[in-house]
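Below: one structure, written as structure tokens.
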Amino acid sequence: MGDLRNCPICNSIFVKTNLRDVCESCYKVEQKNFDKVYNFIRKRENRKATILEIVEATEVEDELIMKWIRNGKLRVSDFPNLGYPCDKCGTLIQKGSICSDCSTGLKKDLLKVEEEKRRIQELRKRDKATYLFDDKAR
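See below:
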């Protein structure tokens with residue numbers, strides 16, 4: 114069963130489910146807008162349209178189009194110029210939350226942190242080491 118929520122668009126109370134994150138009336142409006150967008154981009158001459166071109170032609174908000182791309186309602190494999198911004202740098206991406214460049218950068222940063230942790234542990238081990246002196250060697 115879903116959670117009781119306020120609709121983020123109209124603020125009415127509704128039961129949120131995995132399928133819907135807005136109330137029934139706003140969902141119907143979204144569905145009409147989706148049909149408008151989909152009918153536009155499925156035409157051969159519009160398949161390579163950008164989000165800006167789709168917004169201009171259909172008057173549907175870009176945030177709504179990006180929502181459909183994120184949740185898989187619009188498959189970007191069919192429409193190569195569609196995407197949404199990377200959460201870190203804003204580059205247009207078609208899957209995930211961050212672009213490959215930001216992902217690579219984060220991985221490098223994590224490796225540096227892990228290496229620094231290892232270095233600090235090694236220094237602590239050396240500091241704790243007990244040195245035994247051989248009195249006979251003097």
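Take the sequence shown: its letters are residues 114 to 251, numbered as in our numbering. Just so it is clear, CB atoms sit at the ideal spot from N, CA and C, and this is done for glycine as well. Since we're looking at a predicted model, the values are computed, not measured.
Selection 164, 151, 210 and 157 evaluated against residue 186 yields 151 as nearest (Cα-Cα). Comparing alpha-carbon positions, the option among 208, 231 and 215 lying closest to residue 202 turns out to be 215.
The three-state secondary structure of residue 206, taken from DSSP, is strand.
With 16 or more neighbouring CB atoms inside 10 Å of its own CB, residue 206 falls in the buried class. With contact defined as three or more Cβ pairs closer than 8 Å, the region 182-197 and the region 232-241 are not in contact.
Cβ neighbours of residue 123 within its own chain (closer than 6 Å, five residues either side excluded): 139.
Counting of Cβ neighbours within 10 angstroms places residue 126 among the exposed residues, the total staying below 16. Using a Cβ-Cβ distance cut-off of 8 Å, the region 171-186 and the region 130-149 are in contact, since at least three pairs of beta carbons, one from each stretch, lie closer than that value. Using a 10 angstroms sphere on the CB of residue 173, the tally of other CB atoms reaches 16 or more, which defines it as buried.
Taken through DSSP and simplified to helix, strand or coil, residue 200 comes out as coil. If the five residues before and after residue 159 are omitted, its C-beta is found closer than 7 Å to the C-beta atoms of 153, all from its own chain and listed in chain order. For the pair residue 163 and residue 133, the Cα-to-Cα distance works out to about 26 Å.
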